[in-house]
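**Student:** Under numbering that gives the first Met the number 0, the sequence shown has 16 at position 17, and the numbering climbs by one with no breaks. One structure follows; several queries about it will come next.
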Amino acid sequence: MEEHAVANPGQLDLFLDEAEINSVECVDISDIDIDFGDANHMARSKSNACKRFKSLPKGKYLIYKGEKEGELPYIKNTDTGKKLSVRTTRSPYPCVDLYKGIKTTYSMHQIVGMAFIPNQLPKDRTHVDHIDGDKSNYAVENLRWTTPSENQSNKDFKKLNLELDL
0 MEEHAVANPG
10 QLDLFLDEAE
20 INSVECVDIS
30 DIDIDFGDAN
40 HMARSKSNAC
50 KRFKSLPKGK
60 YLIYKGEKEG
70 ELPYIKNTDT
80 GKKLSVRTTR
90 SPYPCVDLYK
100 GIKTTYSMHQ
110 IVGMAFIPNQ
120 LPKDRTHVDH
130 IDGDKSNYAV
140 ENLRWTTPSE
150 NQSNKDFKKL
160 NLELDL
C-alpha cells in the first residue's frame, strides 16, 4: 500500500500565491478594511485611507473590476448613476476624487489593489506594483502587492530594461 505525505494543516504556506485575484466583480469602497499597520509612511497612509473608506456612505461608491481582461476598473457613484472621472495630477498615477463633505483624492491603482487583490501580508506588502511598469495601467491583472524593497527593485529593473531597449 502506497503512503502519501499529509501536509500539516496548522503550518502556514511560505509560498503565497501572487497571481490570486478576487473573483468578485464589484466592491463597495466603504467595505474595504485592511490593517497595514504603521511601520512606514506607506503603511500609515493606506491604513488611514481604509479608515476614510469605512466612513463613506454605505453603497455610494462601487468599484467595478472591468468586464474583460485588461480593461481598466472604474468607480460608479450610485447617487448620480455616473462613473467617476479618472484624472492625473502632478503624480503620474491616475486618480479619482471621493466625497464625504470634502473631496479626497486617491490613486486608482491603490483602490484597485485593496479591492480586488488579496494581500496576505498587509503589514509587509504595503506597495501596489505595476507589473508592466506603466503607471497609467491599473488593470487588475497588472497589479500586485510588494514590499517596499521589492517595489524599488522592480522600479530599478524596469528602468534598466528601458535603458537597454534604447
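Where is the CB? At the ideal position from N, CA and C, for every residue including glycine. In this text the structure is predicted, and so the values were computed from the model without any measurement.
Anyone know if the C-beta pair for VAL110 and ILE62 falls short of 8 Å?
**Tutor:** Residue mapping note: residue 110 aligns to position 111 of the sequence shown, counting from 1. Residue mapping note: residue 62 aligns to position 63 of the sequence shown, counting from 1. The question names Val, but residue 110 in the sequence shown is Ile. Yes. Within cutoff.
**Student:** Considering only C-alpha positions, which residue in the set TYR60, ASP128 and PHE52 is nearest to LYS81?
**Tutor:** For this step, residue 81 is matched to residue 82 along the sequence shown. Answer by Cα proximity: TYR60.
**Student:** Use the C-beta contact count for ASN150: other C-beta atoms within 10 angstroms, 16 or more gives buried, fewer gives exposed.
**Tutor:** As a position in the sequence shown, residue 150 is number 151, starting the count at 1. The residue in question, ASN150, is buried, as its Cβ has 16 or more Cβ neighbours within 10 Å.
**Student:** Say yes only if the C-beta of VAL95 is nearer than 7 Å to one or more non-hydrogen atoms of the ligand HEM, and no if none qualify.
**Tutor:** Only the bare structure without any ligand can be found here, which leaves the ligand HEM out of the picture.
**Student:** Does the distance from the C-beta atom of SER29 to that of PRO72 stay below 8 Å?
**Tutor:** The count along the sequence shown starts at 1 and reaches residue 29 at position 30. The count along the sequence shown starts at 1 and reaches residue 72 at position 73. It is not a contact, given that the beta carbons lie outside the stated cut-off.
**Student:** Does the contact criterion of 3 or more C-beta pairs under 8 Å hold for the segment 29-43 versus the segment 81-92?
**Tutor:** Taking 8 Å as the limit for Cβ pairs, the verdict is that the segment 81-92 does not touch the segment 29-43.
**Student:** Would you list the residues sitting across from VAL95 in a DSSP beta bridge?
**Tutor:** For the purposes of this step, residue 95 is taken as residue 96 along the sequence shown, with counting starting at 1. Beta-bridge pairing links VAL95 to TYR105.
**Student:** Between TRP144, LYS122, PRO147 and HIS108, which has its C-alpha nearest ASN136's C-alpha?
**Tutor:** For this step, residue 136 is matched to residue 137 along the sequence shown. Out of TRP144, LYS122, PRO147 and HIS108, HIS108 has the C-alpha closest to the C-alpha of ASN136.
**Student:** Which residues bound the alpha helix (DSSP H) around LYS134?
**Tutor:** Position 135 of the sequence shown, counting from 1, holds the residue named residue 134. No alpha helix (DSSP H) contains LYS134, which DSSP labels as neither H nor E.
**Student:** As a quick exercise: from TYR98, ASN118, VAL139 and LEU120, pick the residue whose alpha carbon is nearest that of ARG51.
**Tutor:** Looking up residue 51 in the sequence shown gives position 52. The candidate whose alpha carbon is nearest that of ARG51 is TYR98.
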